[in-house]
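Engineer:
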Amino acid sequence: MIPAQFEYAAPTTVEEAVRLLAEAGDEAKILAGGQSLLPVLRMRLNAPEMVIDLGRIEALRGVRDDGDAIVVGAMTTHADVHADPLVREHAALVTEAVSHLADPQVRHRGTFGGALAHADPAGDLGAPALALGATFTMVGPHGSRTVEGEDFFEDLFTTALAEDEILTEIRIPKHTGWGAHYEKFVRVAHQWPIVAVAAAVRAEGGTIAEARVGLTNMGSVPLRARAVEDALVGKPATAEAVAEAAALAADGTQPPSDLNGDADYRRHLATVLTRRAVLAAAGA
Amino acid sequence: MSRTTVPVTITVDGTRYTDEVEPRTLLVHYLREQVGKVGTVVGCDTSNCGACTVHLDGRSVKSCNVLAVQADGSEITTVEGLEKDGVLHPVQQAFHDCHGLQCGYCTPGMIMQSIDLLNENPDPSEEEIRSGLEGNLCRCTGYHNIVKAVQQAAGGAR
Ligand SMILES: Cc1cc2nc3c(=O)[nH]c(=O)nc-3n(C[C@H](O)[C@H](O)[C@H](O)COP(=O)(O)OP(=O)(O)OC[C@H]3O[C@@H](n4cnc5c(N)ncnc54)[C@H](O)[C@@H]3O)c2cc1C
Ligand code: FES
Ligand code: FES
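Protein sequences appear in the order of chains A and B.
Just so you know, we're using our numbering here: the first sequence kicks off at 974 and counts up by one.
Just so you know, we're using our numbering here: the second sequence kicks off at 12 and counts up by one.
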């Protein structure tokens, strides 16, 4: 099928995009890379009166160094995030996760901000962003504001973005020198994970000094496995010690049950994948 | 609300076209129905199969998942633009030599994605070829000869 008719605007500045969005109200939809939105429009699950394409706003593309953090423009494509040397050096977990997202063609179009704004609980970028303590900046008619990851992801496909706001950039604190691994469990190629675990580890000698662990598809929003993180501190990077901490991964989670697996299966997966992800991140 | 078309200028296989399109027109339909590039095919309704793969400003995309208006000002290469003076592109020749197709429906997309893959990584391992083609589905070949074709084309490029 093809989408229903809509009006189209391609502003070249954020200010213009915000103004157009305010004028059109809830009749409008933002278009980033289109890799999630266009399938929705083609199935006619949504039929906005107006589509506002952010693709011509140069200021929203690219990654920059900002002292103790890197800042990723919302319209930076998955392929450009993957190739970016700043991301690789300071947020290797993101480089890892994005390499497992979809397929090359989708990575050439889909954007970092689009995937996070879409907030699919099975999306691959929420857990790494959350684990690294990313903050989200959005701009609306009343100016800009920034929220933490825990406040950004509100529910299934629902974020803190108001209808008149645009996500402009994501700030990721530097984790230079941390080992990173994204362990994604799928049934078929180029698809969303049944469960995935994002782990970043700072090791000193053979000991884990600090750890960050994020869970994908273990609830309606990406989650941080803080119990695992705490249990890992000071432990040797051995299979036994890591397995003991990883056993806490599913604590307090409410994973979905669907055709790919029931909730108990997902809880089991979370512990196994956490062990694998942490060990790989620790270089063990 | 008034429903209007918008003008786009898109270079397809080296020729510049200026056309009016509805904003909702998918790039693949623009290419097939307005420009006549029927070598690019549609194989699914879910952006999974990759049969519609073309290059947009040098990078592979699924043309069923891009609006024609998003491609305004861009350069598109389709499978029809590969042959030069009656000589097949090395990747086309390799698919022919290695029997990398049976029904041929996936082939335009497979070839366009294989070229993108080799542009990025001129000497891929078998594993890298398989993951580089993970967005392209083939119901006939079992992929084996497709992988061989990409390996042959990579060897030829060296
Ligand atoms: C075949 C296929 C396989 C895929 N596999 C995976 C996978 O394995 N893992 C995975 O995580 N994802 C997968 N995806 C989805 C992919 O990650 C998309 O690129 C991403 O979800 C959406 O990014 P986009 O830039 O294309 O956004 P769009 O599709 O353009 O937009 C998505 C939504 O976010 C809103 N939005 C976008 N940008 C902004 C902004 N800056 N401010 C406010 N709102 C905004 C839009 O209005 C829309 O509602 C897959 C997609 C396809 C087609
Ligand atoms: S027709 Fe485009 S991916 Fe199937
Ligand atoms: S040759 Fe028939 S689908 Fe690939």
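Yeah, the Cβ is synthetic: ideal placement off N, Cα and C, and Gly gets one too.
Model, not experiment: these values are computed from the prediction.
Does the beta-carbon of Gly-54 of chain B, which I'm using as the reference point, lie nearer than 6 Å to any heavy atom of ligand 1?
Structural biologist: It does not: the Cβ of Gly-54 of chain B is nowhere closer than 6 Å to a heavy atom of ligand 1.
Engineer: Measuring from the CB of Ala-1134 of chain A, is there a heavy atom of ligand 1 at a distance below 6 Å?
Structural biologist: According to the sequence provided, residue 1134 of chain A is Leu. The question's Ala does not apply to it. Under cutoff, so the answer is yes.
Engineer: Taking Phe-979 of chain A as the query, report the chain B residues whose CB atoms sit under 8 Å from its CB, ordered along the chain.
Structural biologist: Result: Pro-34, Arg-35.
Engineer: For Thr-1084 of chain A versus Gly-1179 of chain A, is the C-beta distance shorter than 7 Å?
Structural biologist: Going by C-beta atoms, Thr-1084 of chain A is not nearer than 7 Å to Gly-1179 of chain A.
Engineer: If we call anything under 7 Å between Cβ atoms a contact, is Tyr-87 of chain B one with Val-65 of chain B?
Structural biologist: The sequence given here has Ile at residue 87 of chain B, not Tyr. Contact flag set, yes.
Engineer: CB-CB under 7 Å to Ala-1135 of chain A, same chain, minus the five flanking residues each way: which ones, in chain order?
Structural biologist: So the qualifying residues of the chain are Gly-1113.
Engineer: Quick check on DSSP: helix, strand or coil for Phe-1126 of chain A?
Structural biologist: Phe-1126 of chain A: strand per DSSP, three-state reduction.
Engineer: Between Val-170 of chain B and Val-80 of chain B, what straight-line distance do the alpha-carbon atoms span, to the nearest angstrom?
Structural biologist: Since the first residue shown for chain B is 12 and the last is 169, residue 170 of chain B is missing from the structure and cannot be characterised.
Engineer: If you follow the alpha helix (DSSP H) that Pro-1146 of chain A is in, where does it begin and where does it stop?
Structural biologist: Taken as a continuous stretch (DSSP letters only), Pro-1146 of chain A belongs to no alpha helix (DSSP H), being part of the beta strand (DSSP E) at 1139-1146.
Engineer: Can you name the start and end residues of the alpha helix (DSSP H) that Thr-118 of chain B belongs to?
Structural biologist: 118-131 is the span of the alpha helix (DSSP H), which, as asked, contains Thr-118 of chain B.
Engineer: Tell me whether Trp-1165 of chain A counts as near ligand 1, meaning its Cβ is closer than 6 Å to at least one heavy atom of that ligand.
Structural biologist: Yes, since a heavy atom of ligand 1 falls inside the 6 Å radius drawn around the Cβ of Trp-1165 of chain A.
Engineer: So, using beta-carbon positions, are Phe-1125 of chain A and Thr-1132 of chain A closer together than 7 Å?
Structural biologist: Yes, the pair counts as a contact, with Cβ atoms nearer than the cut-off.
Engineer: Are there 16 or more other CB atoms within 10 angstroms of the CB of Glu-94 of chain B, so buried, or fewer, so exposed?
Structural biologist: Exposed, since its Cβ has fewer than 16 Cβ neighbours within 10 Å.
Engineer: Which same chain residues, not among the five before or five after Ile-140 of chain B, have their C-beta less than 6 Å away from its C-beta?
Structural biologist: Same-chain partners within the cutoff: Val-158, Val-161.
Engineer: Contact criterion: CB-CB distance below 7 Å. Does Val-72 of chain B meet it with respect to chain A?
Structural biologist: For Val-72 of chain B, the answer is yes, since a Cβ of chain A falls inside 7 Å of its Cβ.
Engineer: Is DSSP giving Ile-1167 of chain A helix, strand or coil here?
Structural biologist: Ile-1167 of chain A: coil per DSSP, three-state reduction.
Engineer: Alpha carbon to alpha carbon, how far is Glu-1213 of chain A from Cys-55 of chain B? Give it in angstroms, no decimals.
Structural biologist: If I take the Cα positions, the gap works out to 47 Å.
Engineer: Please report the distance separating the alpha-carbon of Thr-29 of chain B from that of Gly-1087 of chain A.
Structural biologist: So the alpha carbons of these two residues sit roughly 30 Å apart.
Engineer: Look up Ser-136 of chain B in the DSSP assignment and say whether it is helix, strand or coil.
Structural biologist: Here Ser-136 of chain B sits in coil by DSSP.
Engineer: For Ser-21 of chain B, count neighbouring Cβ atoms within 10 angstroms of its own Cβ and tell me buried if that reaches 16, exposed if not.
Structural biologist: The sequence shown places Ile at residue 21 of chain B, rather than the Ser named in the question. The residue in question, Ile-21 of chain B, is buried, as its Cβ has 16 or more Cβ neighbours within 10 Å.
Engineer: Would you report the Cα separation of Val-1079 of chain A and Glu-1156 of chain A, rounded to the nearest angstrom?
Structural biologist: If you take the alpha carbons of Val-1079 of chain A and Glu-1156 of chain A, they lie about 20 Å apart.
Engineer: Would you mind giving the Cβ-Cβ distance between Thr-1244 of chain A and Ala-1220 of chain A, rounded to the nearest angstrom? I have them listed as a contact below 8 Å.
Structural biologist: Confirmed, about 5 Å.
Engineer: Does DSSP put Ser-1117 of chain A in a helix, a strand or coil?
Structural biologist: Strand at Ser-1117 of chain A.
Engineer: What does Phe-1258 of chain A pair with, by DSSP beta-bridge criteria?
Structural biologist: What is shown of chain A runs 974 to 1257, which leaves residue 1258 of chain A out entirely.
Engineer: Any C-beta of chain D sitting closer than 7 Å to the C-beta of Ser-58 of chain B?
Structural biologist: Here the protein chains are A and B, and chain D is not one of them.
Engineer: Comparing C-alpha positions only, which one of A:Leu-1205, A:Ala-1204, A:Ala-1171, A:Gly-1192 sits nearest to Arg-1239 of chain A?
Structural biologist: Comparing Cα-Cα distances from Arg-1239 of chain A to each of A:Leu-1205, A:Ala-1204, A:Ala-1171, A:Gly-1192, the minimum goes to A:Gly-1192.
Engineer: Can you tell me where the beta strand (DSSP E) with Arg-27 of chain B in it begins and where it stops?
Structural biologist: Looking at the DSSP string, the run of the beta strand (DSSP E) that includes Arg-27 of chain B is 26-32.
Engineer: Return the chain-ordered list of same chain residues with a C-beta closer than 7 Å to the C-beta of Leu-1059 of chain A, the five sequence neighbours on each side being excluded.
Structural biologist: Result list for Leu-1059 of chain A: Val-1036, Asp-1038, Ile-1043, in chain order.
Engineer: At the 7 Å Cβ level, is Gln-45 of chain B part of the contact set with chain A, yes or no?
Structural biologist: No, because no Cβ of chain A sits closer than 7 Å to the Cβ of Gln-45 of chain B.
Engineer: Name, please, each residue of chain A whose Cβ falls closer than 9 Å to the Cβ of Leu-78 of chain B.
Structural biologist: Chain A residues near Leu-78 of chain B: Pro-976, Tyr-981, Leu-1004, Gly-1007, Leu-1011, Val-1024, Asp-1026.
Engineer: Take Glu-131 of chain B and list the residues in its own chain whose beta-carbon comes closer than 7 Å to its own, dropping the five residues that flank it on each side.
Structural biologist: Cβ within range, chain order: n/a, list empty.
Engineer: Under 7 Å, Cβ to Cβ, is there at least one residue of chain A near Glu-145 of chain B?
Structural biologist: So, interface residue.
Engineer: Using a C-beta to C-beta distance shorter than 7 Å, which residues of chain B count as neighbours of His-1081 of chain A?
Structural biologist: Correct list: Arg-70, Ser-71, Val-72.
Engineer: Considering only heavy atoms of ligand 4, does any lie closer than 6 Å to the CB of Asn-147 of chain B?
Structural biologist: For the structure depicted, ligand 4 is absent and the ligand set comprises only ligand 1, ligand 2 and ligand 3.
Engineer: Determine, using beta carbons only, whether Val-53 of chain B and Val-32 of chain B come nearer to each other than 7 Å.
Structural biologist: It is not a contact, given that the beta carbons lie outside the stated cut-off.
Engineer: Please confirm whether Ser-1117 of chain A and Thr-1110 of chain A have their CB atoms less than 7 Å apart.
Structural biologist: Cβ atoms of Ser-1117 of chain A and Thr-1110 of chain A: closer than 7 Å.
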